[in-house]
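Everything below concerns the one structure shown next.
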Amino acid sequence: MVVKVSDDSGEACLALFNEQAERIFGCSADELDKLKSQEGEENRFQQKLKEAIWVPHLFRISVAQHEYMNEKRQWITAKAVVAVDFAAKSRLLLEEISKMKTSQ
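Under the numbering used here, think of the first position of the sequence shown as 279, with each following residue one higher.
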């Protein structure tokens, strides 16, 4: 699955494998495929996609450059996806601030 991600520096298209997609969408690729094929007024596939929009995640990525027909292409693959833990990040920042105060 390919998704478009963005931050304050720009945006990129990432290739996700099943494990990473499960962390973002909360279900497997097979389940997403089943939801996509279902018809009806209540489209669960679209709902799953909307639930994932603007949810912050941390990505560990790898970038590889390939050449195809004399054209260079860049493949960005997500190796790991983790939901942002704002409480842990805040504690870390507070520790860093207190270290800066004690060193002055």
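For each residue, glycine too, the CB sits at the ideal point set by N, CA and C.
The model shown is predicted, which means the values in this text are computed figures rather than measured ones.
Touching by the beta-carbon criterion (3+ pairs, under 8 angstroms), the segment 290-297 and the segment 353-363:
Touching, yes.
Quick check: the Cα distance between Gln343 and Met279, rounded to an integer number of angstroms?
For Gln343 and Met279, the distance between alpha carbons rounds to 19 angstroms.
Residues near His335 by beta carbon distance below 7 angstroms, same chain, minus five either side
Same-chain partners within the cutoff: Ile302, Val359, Val360, Ala361, Val362.
Can you give me the C-alpha to C-alpha distance between Glu317 and Gln324, rounded to a whole angstrom?
Approximately 11 angstroms between the Cα atoms of the pair.
Three-state class that DSSP yields for Ser381 in the structure shown
Residue state, collapsed to three classes: helix.
Within its chain, find whatever has a CB closer than 6 angstroms to the CB of Leu313; leave out the 5 residues flanking it on each side and keep chain order.
Non-local beta-carbon contacts of Leu313 in its own chain, meaning distances under 6 angstroms to residues more than five positions away in sequence, involve Arg322, Phe323 in chain order.
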